[in-house]
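Mind the numbering: the sequence shown is residues 1 to 179 in full-length UniProt numbering, read in order. From the three backbone atoms N, C-alpha and C, an ideal C-beta is built for every residue, glycine too. As the structure is a computational prediction, the values presented were derived from the model and not from experiment. Below you'll find the structure, written out as structure tokens, and then a few comments.
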Amino acid sequence: MTTQTTQTTQTRQPTRDARPLAVFDLDGTLAETGHRQHFLERQPRDWKGFFAALHRDPPLDEGLRRVREAAADCDVVYLTGRPERCRRDTLAWLTRHGLPEGRLLMRGDADRRPARAVKLEVLRDLARRREIRMLVDDDELVCDAAERAGFRVVRARWASTSQSASTALRDAQERDGRT
Numbered sequence: 001m002t003t004q005t006t007q008t009t010q011t012r013q014p015t016r017d018a019r020p021l022a023v024f025d026l027d028g029t030l031a032e033t034g035h036r037q038h039f040l041e042r043q044p045r046d047w048k049g050f051f052a053a054l055h056r057d058p059p060l061d062e063g064l065r066r067v068r069e070a071a072a073d074c075d076v077v078y079l080t081g082r083p084e085r086c087r088r089d090t091l092a093w094l095t096r097h098g099l100p101e102g103r104l105l106m107r108g109d110a111d112r113r114p115a116r117a118v119k120l121e122v123l124r125d126l127a128r129r130r131e132i133r134m135l136v137d138d139d140e141l142v143c144d145a146a147e148r149a150g151f152r153v154v155r156a157r158w159a160s161t162s163q164s165a166s167t168a169l170r171d172a173q174e175r176d177g178r179t
């Protein structure tokens, strides 16, 4: 009986009478992370320092404009590669900057898979139950994977993070599976 319920849930068509979902990344999409990139540029990487400083991330105006605009027609989901242990600080950041209410989905603390693998898995799971109107993300590998899987993607290219900082963050997302 439990197996049937699980199978039914996984194969269920998205609910068409519910509002579609707009899925937004945080780092580099809604939050400017440049001030904490230096924690990732050293060896070994200072993950404790990197995540401890997230409460100081300034918001990215273009990202905030887009999430507020999307919230008029969609339910918002915040999908981040940040580990679950950052939930309280992340929720406080979202509230402090007046972002629309939405579900916050985070990486498990021990999950070290590349960001694109984690996020694509979550997107597919969400799509089983709801229409996904768009994914907004700054990570090109995440965007490429989502597009290949058939999702509509908006590439967040509005952060002013330096090239070296972008490289450090990309390496962290892909090699270390940390954000």
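- Under the rule that a run must span 4 or more residues, the alpha helix (DSSP H) segments found entirely inside the UniProt domain "Polynucleotide kinase PNKP phosphatase" (23-154) read 38-41, 47-52, 61-70, 87-96, 115-129, 140-148.
- Here C143 has D137, V153, R155 as same chain residues with Cβ atoms under 7 Å from its own Cβ, once five neighbours each way along the sequence are excluded.
- Annotation: G102 to E41 spans about 32 Å, alpha carbon to alpha carbon.
- With respect to the 8 Å criterion, L123 and F151 are classified as neighbours on the basis of their beta carbons.
- A distance below 7 Å between beta-carbons, with the five flanking residues on each side excluded, links P100 to the following residues of its chain, in chain order: V67, R68, A71, V76.
- Judged by their CB atoms, H35 and P59 are not nearer to each other than the 8 Å cut-off.
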